[in-house]
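Residues in the sequence shown are numbered from -9 upward in steps of one, following this note's numbering.
What follows is a set of notes on a single structure, which appears directly below.
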Amino acid sequence: MFSMTIGASTVTATPTSGPFDHSYQAYAKLLSAHVIDQRIDYAKLVDARTSLTTIIDSIAAVSAEDFQQWSEHQQLAYWINAYNLFTLKAIVDHYPIKGSWLSWYPRNSIRQIKGVFDVIPWDAAGRVLTLDQIEHEIMRPTFKQPLIHFAINCAALSCPPLKPQPYRSETLIEQLTTSTRQALAQSAWLKIEEKTLRVTAILNWFGEDFTTEYAHVVTANGSYRDRAILGLIARYGPPAAQAIARAPNTRIRFLAYDWSLNDVTDTGRQ
């Protein structure tokens, strides 16, 4: 266990009626009813707004003092689930999303919601935080677990798919590993073109997060970041991609990022 100092406001949490449910049973039920083939049935989730709000209230009710008593895996599972829950709530609060002709492309994107990542506040673990603060001021620097980039979902098709079950402390590493393998097995995340590996733009944005764990896995040419990306693929990619990642002179290119909403329908996609 450890303490954290984060640049965000402190709030007084509402006392919980009992111990926090680290099995996330209510959240698991919500996910199983609304995650369909790696997409979300947002229209149906709008009708379940009360259940979603109740789950988010349980996240907000955790005090800073109680949170500090948890194990590291309990804390990280909490933040991953909180991030994904807050994202779902942001979409539900603005659904259906239909931007104007002058707005961000595509017009059904989460990016149509003003301040969704850096302004809209959420209560969690005794603090008021934005999604960006949860990701960049808590999860990345505190836990230094790069595989979170395969777990947190920003409601876009190019984000890692939201799983139909919560992340739980006792299975956290196994779940993160599985999410990484499953993502890299999809063409939206990894494509092979002869000696070139085309990979998700997320690894372009956050490739440095992988250097400590994966740069030593391969002995390729190129930057430390590129070796880390190749090392990640050599460890978790499908067999054909693993072989190319370990080969000399393998090139890395990055795929375009599709911000279209990960809805079960393509309503509003332009």
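The beta-carbon is built from N, C-alpha and C at its ideal position, and this holds for glycine as well.
Counted as a single uninterrupted DSSP element, the beta strand (DSSP E) harbouring ILE242 occupies residues 241 to 244. Per DSSP, the beta-bridge partners of TRP112 are LEU119.
Residues PHE200, TYR204 of the same chain have their beta carbon placed closer than 6 Å to that of LEU222, with the five preceding and five following residues left out of the count.
According to DSSP, residue pairing for THR186 in a beta bridge involves GLU183, ARG241. Distance between ALA54 and ILE182, taken at the CA atoms: about 46 Å.
In this structure the stretch 61 to 73 lies against the stretch 146 to 159, because at least three pairs of beta carbons, one per stretch, are closer than 8 Å. By alpha-carbon distance to ALA72, the top candidate from LEU166, ALA141, ALA173, ASN252 is ALA141. The beta strand (DSSP E) runs of length 3 or more contained entirely in the stretch 134 to 195 are, from start to end of the chain, 180 to 183, 186 to 189. DSSP links VAL25 through a beta bridge to ILE30.
A straight line joining the alpha-carbon of ALA146 with that of PRO96 spans about 10 Å. With 16 or more other CB atoms across the displayed protein chains lying within 10 angstroms of its CB, GLN102 is buried.
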